[in-house]
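Student:
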Amino acid sequence: MLKKRNEELFELEDDNIQFELLISNEINNLIMENKDTYKNITEFEEINNKTLTFEKRDDVEYVRDYGDSNLVYPLGSFKEKTILLAFLSSKLVKMVNSLSYVIDCDVDTKFEPAAYYNKNEILEETKWDDVIVRNDAKFHLSLISQGKFDPNLVSQYDTNFYYPSSAGKDIDIYILDISLNLKNQDEFPETNERIVENKFNIIRSQAVYGDYKPEYDDIIIRPQDKSHGATVAMAAGGITVGAANKANIRGIHLDNYAASNLLTALLNLMNDPLFKPNKSVFNMSFGGYNPINYRTKPSVQLFQEIVNYLSNEGSIFVAAAGNDSKNVHTIMDGIEYFKLPCYLDNIICVGGVTSQYENNTTIEKEFTIDKGSNFGEGVDIYAPYHVKLAYEDVDGNRYEEEIYDGTSYATPLVSGVVATILSENPDEKFTTESMLQHLRDMGEKNCIKGMEKDDPSNVFLNNGKRVVYSKDNIYNGCGIHAGNKGCPRNQCYSIDGKCSNKNSDVC
Numbered sequence: 001m002l003k004k005r006n007e008e009l010f011e012l013e014d015d016n017i018q019f020e021l022l023i024s025n026e027i028n029n030l031i032m033e034n035k036d037t038y039k040n041i042t043e044f045e046e047i048n049n050k051t052l053t054f055e056k057r058d059d060v061e062y063v064r065d066y067g068d069s070n071l072v073y074p075l076g077s078f079k080e081k082t083i084l085l086a087f088l089s090s091k092l093v094k095m096v097n098s099l100s101y102v103i104d105c106d107v108d109t110k111f112e113p114a115a116y117y118n119k120n121e122i123l124e125e126t127k128w129d130d131v132i133v134r135n136d137a138k139f140h141l142s143l144i145s146q147g148k149f150d151p152n153l154v155s156q157y158d159t160n161f162y163y164p165s166s167a168g169k170d171i172d173i174y175i176l177d178i179s180l181n182l183k184n185q186d187e188f189p190e191t192n193e194r195i196v197e198n199k200f201n202i203i204r205s206q207a208v209y210g211d212y213k214p215e216y217d218d219i220i221i222r223p224q225d226k227s228h229g230a231t232v233a234m235a236a237g238g239i240t241v242g243a244a245n246k247a248n249i250r251g252i253h254l255d256n257y258a259a260s261n262l263l264t265a266l267l268n269l270m271n272d273p274l275f276k277p278n279k280s281v282f283n284m285s286f287g288g289y290n291p292i293n294y295r296t297k298p299s300v301q302l303f304q305e306i307v308n309y310l311s312n313e314g315s316i317f318v319a320a321a322g323n324d325s326k327n328v329h330t331i332m333d334g335i336e337y338f339k340l341p342c343y344l345d346n347i348i349c350v351g352g353v354t355s356q357y358e359n360n361t362t363i364e365k366e367f368t369i370d371k372g373s374n375f376g377e378g379v380d381i382y383a384p385y386h387v388k389l390a391y392e393d394v395d396g397n398r399y400e401e402e403i404y405d406g407t408s409y410a411t412p413l414v415s416g417v418v419a420t421i422l423s424e425n426p427d428e429k430f431t432t433e434s435m436l437q438h439l440r441d442m443g444e445k446n447c448i449k450g451m452e453k454d455d456p457s458n459v460f461l462n463n464g465k466r467v468v469y470s471k472d473n474i475y476n477g478c479g480i481h482a483g484n485k486g487c488p489r490n491q492c493y494s495i496d497g498k499c500s501n502k503n504s505d506v507c
């Protein structure tokens, strides 16, 4: 996407083509004599040197003679008036406007295409500063920026991803994980807008600076986990597949998921003078079952103390519920077990809802907890269990796009949404507890099949935009789940978004 330019329109009093080019050359000379008045001299040079997409090429036959300049050229004439397009600084606008043969100088107006969604309506609902629309986005993203799709109310599923323009900017998402290669040029291209880095590597519970290397992985890591950390990071903040594509992604590579590695990571990070606890989200897409007495161990208690302290300072912790098809608090062989770390205090525990798809066409009428996801009272919120990503290894080999599943991927989607909440509310201090309540308030409630309606965790992740649009603009209902449409005058709407006769019991 090119940056917005000061392209100006000029109306001139002569329709002679030679005169058009003569005046274009005169203004071009004026531009070159005053190029130091441009704030962005790099962009000026790029345009002048014909390096952008509209550069003049020898193998293209132009409809008319536009001259040799990329900075100013004629568009055409009508009734003895000529229109020129020029790239001008603010000072040059005044200089050109003062020329005797110039009638007027206006900023070129940019129109937007007609859309089936209503941008102003979205901004009113979400209270975002601005909205960005990613057309035909990945299914896991489109799911979290609209309410529950109901084919009885909406004709065609909306495949767009709507998100706030801040998109997590200036927020640090710390990915604590194995195989944490962040050298994916497609999803983490070099940019000055954010930081993507391996903060450090934890090897045998010792912190080491530098990029991730495959030899840093524990030898017992399974082959299918060789892309785990990298793909988790992509779901959180990848440029096209992530929930917060302007957030800083700071990897902390773990050679394994030992508790000592987690302690080392947090202790070293807290000593970093650049660490901003109130701008930090910690993503932990891992866990394990431990007996109840494990929570009394000094190492676990110390980890809990650190989490509590950082949460009070504004850090948000998010962890995976796991993929054992079990309750996160269960009895096994007569012993009480908990899924850690997600069952600890001040950690948002994320379960997974089935979101398997092919070409965004298979949309379930009801959300269901995926058969692989853990569940139960300790799970705080649910998010898409499946994501679609293309992994790139440390040697730059790019693999085919495929579907990754598990609460490992539901978790970074929650972390990404948390980052966008923080970036949209920079002056508000959150704790993990208050952030969970904020997520539940924003989320799609009472929509997960098999869960009690009054269960506070019966919430599917949403980033704040809940109105459901139809891609073909055809609706069969009313209210927020049907494009905010109303019912005909002689009908009323029911709680489930259907229009009925006014004397109906559902009104």
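Using my numbering, you'd call the opening residue of the sequence shown number 1 and step up by one each time. Quick reminder that beta carbons are idealized off the backbone N, C-alpha and C, glycines included. Predicted model only: the values in this text are computed from it and were never measured.
1) Check this for me: beta carbons of PHE249 and ILE178, under 8 Å apart or not?
2) Where ASP158 and THR296 are concerned, what is the direct C-alpha to C-alpha distance, given to the nearest angstrom?
3) Look up ILE509 in the DSSP assignment and give the residues it is bridged to.
4) Measure the alpha-carbon distance for LEU2 versus VAL281 and round it to whole angstroms.
5) Out of SER408, LEU436, ALA321, which has the shortest C-alpha to C-alpha gap to GLY314?
6) Is TYR294 helix, strand or coil by DSSP?
7) Apart from the five residues just before and just after ILE202, which ones in its own chain have a Cβ nearer than 8 Å to its Cβ?
8) Compute the Euclidean distance between the alpha carbons of LYS498 and ASN290, then round it to the nearest angstrom.
9) State the start and end residues of the unbroken alpha helix (DSSP H) segment that holds MET332.
10) The beta strand (DSSP E) spanning ILE47 covers which residue range?
11) Hey, how far is the Cα of THR42 from the Cα of ASP108?
12) When the Cα atoms are used, what is the spatial distance from MET442 to LEU413?
13) Which residue from SER145, GLY76, LEU71 puts its Cα closest to that of VAL63?
14) For the candidate residues PRO456, SER423, ILE381, LYS213, whose alpha-carbon lies nearest to that of PHE200?
15) Looking at the secondary structure, which residues open and close the beta strand (DSSP E) in which HIS386 lies?
16) Could you tell me if THR191 is buried or exposed, where buried requires 16 or more neighbouring beta carbons within 10 angstroms of its beta carbon?
17) For the alpha helix (DSSP H) containing PRO578, list its first residue and its last residue.
18) Check whether the Cβ atoms of ASN374 and ASP455 lie closer than 8 Å to each other.
19) Please state the DSSP three-state secondary structure of VAL281.
20) DSSP three-state label for ILE23, please.
21) Using the Cβ count rule (16 or more neighbours within 10 Å means buried), how would you classify GLY351?
22) Between the segment 123–132 and the segment 146–154, do at least 3 Cβ pairs fall closer than 8 Å?
23) For ALA243, which residues in the same chain have their Cβ closer than 6 Å to its Cβ, ignoring the five residues on either side in sequence?
24) Does the distance from the C-beta atom of ASN308 to that of GLU433 stay below 8 Å?
25) Along the chain, where does the alpha helix (DSSP H) that runs through TYR409 open and close?
26) So, does the segment 66–73 touch the segment 17–29, judging by three or more C-beta pairs under 8 Å?
27) Per DSSP, what kind of secondary structure is GLU428 in: helix, strand or coil?
28) What would DSSP say about ILE203, mapped onto helix, strand or coil?
29) By Cβ distance, which residues of its chain are closer than 8 Å to ARG489, with the 5 residues on each side in sequence left out?
30) Exposed or buried, what is TYR404 when buried is set at 16 or more other beta-carbons lying within 10 Å of its beta-carbon?
31) Exposed or buried, which one is CYS487 when buried takes at least 16 other CB atoms within 10 Å?
32) Roughly how many angstroms separate the alpha carbons of ASP211 and LEU344, rounded to a whole number?
33) Short check: CB of LYS246 to CB of GLY168, under 8 Å?
34) Taking 8 Å as the cut-off, decide whether the C-beta atoms of PHE139 and SER285 are in contact.
35) Once you ignore the five residues that flank ASP370 on each side, which residues in its own chain have a CB closer than 7 Å to its CB?
36) Roughly how many whole angstroms lie between the Cα atoms of ASP393 and LYS183?
Tutor: In this structure, then:
1) Strictly speaking, residue 249 in this sequence is Ile, with Phe absent from that position. Contact: no.
2) Between ASP158 and THR296, the C-alpha separation is close to 48 Å.
3) Absent from the structure is residue 509, since the part of the chain shown begins at 1 and ends at 507.
4) Note that LEU2 scores a pLDDT of 26, beneath 50, so its modelled location is shaky and nothing firm can be said.
5) Selection SER408, LEU436, ALA321 evaluated against GLY314 yields LEU436 as nearest (Cα-Cα).
6) Per DSSP, reduced to three states, the secondary structure at TYR294 is helical.
7) Answer for ILE202: VAL208, ILE252, HIS253, LEU254, ASP255, ASN261, THR264, ALA265, listed in chain order.
8) In a straight line, the C-alpha of LYS498 is about 47 Å away from that of ASN290.
9) Counting along the chain, MET332 falls outside any alpha helix (DSSP H), though it belongs to the beta strand (DSSP E) covering 329–332.
10) Looking at the DSSP string, ILE47 is not in any beta strand (DSSP E); the run it does join, the alpha helix (DSSP H), is 41–48.
11) If you take the alpha carbons of THR42 and ASP108, they lie about 21 Å apart.
12) Using only the alpha carbons, I get a separation of about 15 Å.
13) Minimum Cα distance to VAL63 is reached at GLY76.
14) Taking only the C-alpha atoms, the option nearest PHE200 is LYS213.
15) Counting along the chain, the beta strand (DSSP E) containing HIS386 begins and ends at 386–389.
16) Note on THR191: under 16 other CB atoms within 10 angstroms of its CB, so exposed under the neighbour-count rule.
17) One cannot answer for residue 578 here, as it falls past the ends of the chain, which runs 1 to 507.
18) No, these two residues do not count as a Cβ contact at 8 Å.
19) In the three-state scheme derived from DSSP, where H, G and I count as helix and E and B as strand, VAL281 is classed as strand.
20) The answer is helix: DSSP assigns ILE23 an H, G or I state.
21) Buried is the call here.
22) Judged by Cβ distances under 8 Å, the segment 123–132 makes no contact with the segment 146–154, as fewer than three pairs qualify.
23) Closer than 6 Å at the Cβ level, and outside the excluded window around ALA243, lie LEU413, GLY416, VAL417.
24) No, the pair does not count as a contact, with Cβ atoms beyond the cut-off.
25) It spans 407–424 - the alpha helix (DSSP H) in which TYR409 sits, taken as one unbroken run.
26) With a cut-off of 8 Å, the segment 17–29 and the segment 66–73 count as touching, because enough Cβ pairs lie within range.
27) Assignment of GLU428 by DSSP, reduced to helix, strand and coil, places it in the coil class.
28) Secondary structure of ILE203 (DSSP, three-state): strand.
29) Within its own chain, no residue has a Cβ closer than 8 Å to the Cβ of ARG489 once the five positions on either side in sequence are excluded.
30) Counting C-beta atoms within 10 angstroms of its own C-beta, TYR404 has 16 or more neighbours from the protein chains shown and is therefore classed as buried.
31) Counting every other CB atom within 10 Å of its CB across the protein chains shown gives CYS487 a total of 16 or more, marking it as buried.
32) Looking at the two C-alpha atoms, the distance is approximately 30 Å.
33) Cβ distance < 8 Å, so LYS246 and GLY168 count as in contact.
34) No. Outside cutoff.
35) Result list for ASP370: GLY352, VAL353, THR354, TYR385, in chain order.
36) Going by C-alpha positions, ASP393 is about 8 Å away from LYS183.
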